[in-house]
Structures are given as structure tokens and as C-alpha cells.
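Residue numbers (my numbering): 3 to 157.
Input: a single structure, listed below in C-alpha cells.
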């Protein structure tokens with residue numbers, strides 16, 4: 003008879019780490035749906051947690067009408083909470099419109115730090131006022147002027 007330690011379930015949860023997956027820009031939601039479907043189809047729910055596309059709702063004025071749209075924080079990237087092993091790596095890597103993992107080597111990606119996902123959850127409050135963003139200085143040799151160059155960083 004096998005005895006299950008009470009903390010073995012906690013160990014399974016703790017073994018999942020966050021990885022950044024590079025996807026074709028504009029296809030992040032499609033990659034998210036495809037990953038969720040493939041995880042279910044392959045029966046690998048134990049190896050995966052959440053699959054997220056960090057977005058925020060933005061109120062825009064179009065023709066004098068307010069409309070709410072979504073804006074991606076990191077276009078071209080999807081966050082995946084997973085336990086890294088050969089099967090889970092292959093499932094993600096072979097998903098259509100996924101170009102690979104960010105960081106590490108081709109066969110052994112590096113997870114993002116433990117505090118990074120928490121900072122993603124706070125991003126809407128930090129980035130909600132795009133008028134407060136600082137403009138980037140143009141690169142040397144660039145023809146861009148400070149008025150038309152914008153930094154992708156809010157600070």
C-alpha cells in the first residue's frame with residue numbers, strides 16, 4: 003500500500019513555474035486556446051497551470067463615442083505556468099504559431115523569477131495612464147525625433 007504524504011500535493015503545485023512563450027504577434031489568444039485544448043486532449047492537466055495573455059481594458063474615444071478595447075502588455079508573448087519536462091516542453095513547442103520559449107537554451111528554457119508574475123498582475127494600475135509615459139530618446143543615427151519615438155517601457 004502506497005502512503006501519500008500530505009504535502010505531496012503542495013510539492014506538485016510548487017514544481018510548476020512560469021515560462022514566457024514567444025508567439026506570432028496578433029495570435030496570442032489563438033495560442034492560448036490551442037494550448038488549453040492540447041493540454042486537455044493529451045491529458046496533461048497535472049503538468050500545467052494557467053495559460054495567460056496579459057491584457058488590460060482601455061477606454062478609447064472613436065468619433066466622439068467611448069469604446070472599450072483590450073490592449074496587450076507584451077504583444078507576441080504568452081505566459082505559461084507549467085512543470086517542465088520533455089512531454090510538456092514538446093506540447094508547447096509543437097503548438098501552431100509558437101516560435102519557442104524565451105530565455106535559457108533551445109532545449110532547456112529558464113523560468114521567470116518568482117516575483118515576476120506578481121508584477122504582471124499589478125501592471126494594469128501602472129500602465130493605465132499612457133499620457134504619463136516618458137518618450138524615448140532616438141537612437142544614434144536614427145532619423146526619429148523625440149516627438150514620434152515612444153518607449154515600450156512605462157518608466
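We treat Cβ as the ideally placed atom computed from N, Cα and C, and that holds for glycine.
Are the segment 45-55 and the segment 103-111 touching by the rule of at least three beta carbon pairs closer than 8 Å?
-> No, the segment 45-55 is not in contact with the segment 103-111.
Going straight from the alpha carbon of residue 104 to that of residue 18, what length do you get?
-> Position 102 of the chain shown holds residue 104. Position 16 of the chain shown holds residue 18. If you draw a straight line from the Cα of residue 104 to the Cα of residue 18, it comes to about 17 Å.
Going along the chain, which residues of its own chain have a beta-carbon closer than 7 Å to the beta-carbon of residue 76, five neighbours each way excluded?
-> Position 74 of the chain shown, counted from the start, is the residue given in the question as residue 76. 56.
Identify which residue in 101, 114, 116 has its Cα closest to the Cα of residue 33.
-> In the chain shown, residue 33 corresponds to position 31, counting from 1. The candidate whose alpha carbon is nearest that of residue 33 is 101.
According to the neighbour-count rule (16 or more other Cβ atoms, all chains shown, within 10 Å of its Cβ), is residue 81 buried or exposed?
-> Taking the first residue of the chain shown as 1, we reach residue 81 at position 79. Buried, by the Cβ-count rule.
Nearest residue (CA-CA) to residue 72, options 83, 30, 89, 39 | Indexing the chain shown from 1 puts residue 72 at position 70. When 83, 30, 89, 39 are compared, the shortest CA-CA separation from residue 72 is found for 30.
Euclidean distance between Cα positions of residue 88 and residue 95 | Taking the first residue of the chain shown as position 1, residue 88 is located at position 86. Taking the first residue of the chain shown as position 1, residue 95 is located at position 93. Rounded to the nearest angstrom, the gap between the Cα atoms of residue 88 and residue 95 is 10 Å.
Which partner residues does residue 50 have in the DSSP bridge list?
-> Locating residue 50 in the chain shown gives position 48, counting from the first residue. DSSP lists 84 as partners of residue 50.
What's the gap between the Cα of residue 1 and the Cα of residue 90?
-> Outside the shown range of the chain, which is 3 to 157, sits residue 1, and nothing can be said about it.
Helix, strand or coil at residue 58 according to DSSP, with G and I counted as helix | Counted from its first residue, the chain shown places residue 58 at position 56. In this structure, residue 58 counts as strand in the three-state DSSP scheme.
Taking residue 25 and residue 78 to be in contact with their CB atoms under 8 Å, please state how far apart those CB atoms are, rounded to whole angstroms.
-> Stepping through the chain shown from its first residue, residue 25 is reached at position 23. Stepping through the chain shown from its first residue, residue 78 is reached at position 76. 6 Å between Cβ atoms; contact.
Starting from the C-beta of residue 69, find all residues in its chain whose C-beta is less than 6 Å away, skip the five residues before and the five after it, and write them out in chain order.
-> Within the chain shown, the letter at position 67 stands for residue 69. Counting only Cβ-Cβ distances below 6 Å, and skipping sequence neighbours, we find 62.
Can you check whether the CB of residue 43 is closer than 8 Å to the CB of residue 97?
-> Taking the chain shown and counting its residues from 1, one reaches residue 97 at position 95. Taking the chain shown and counting its residues from 1, one reaches residue 43 at position 41. It is not a contact, given that the beta carbons lie outside the stated cut-off.
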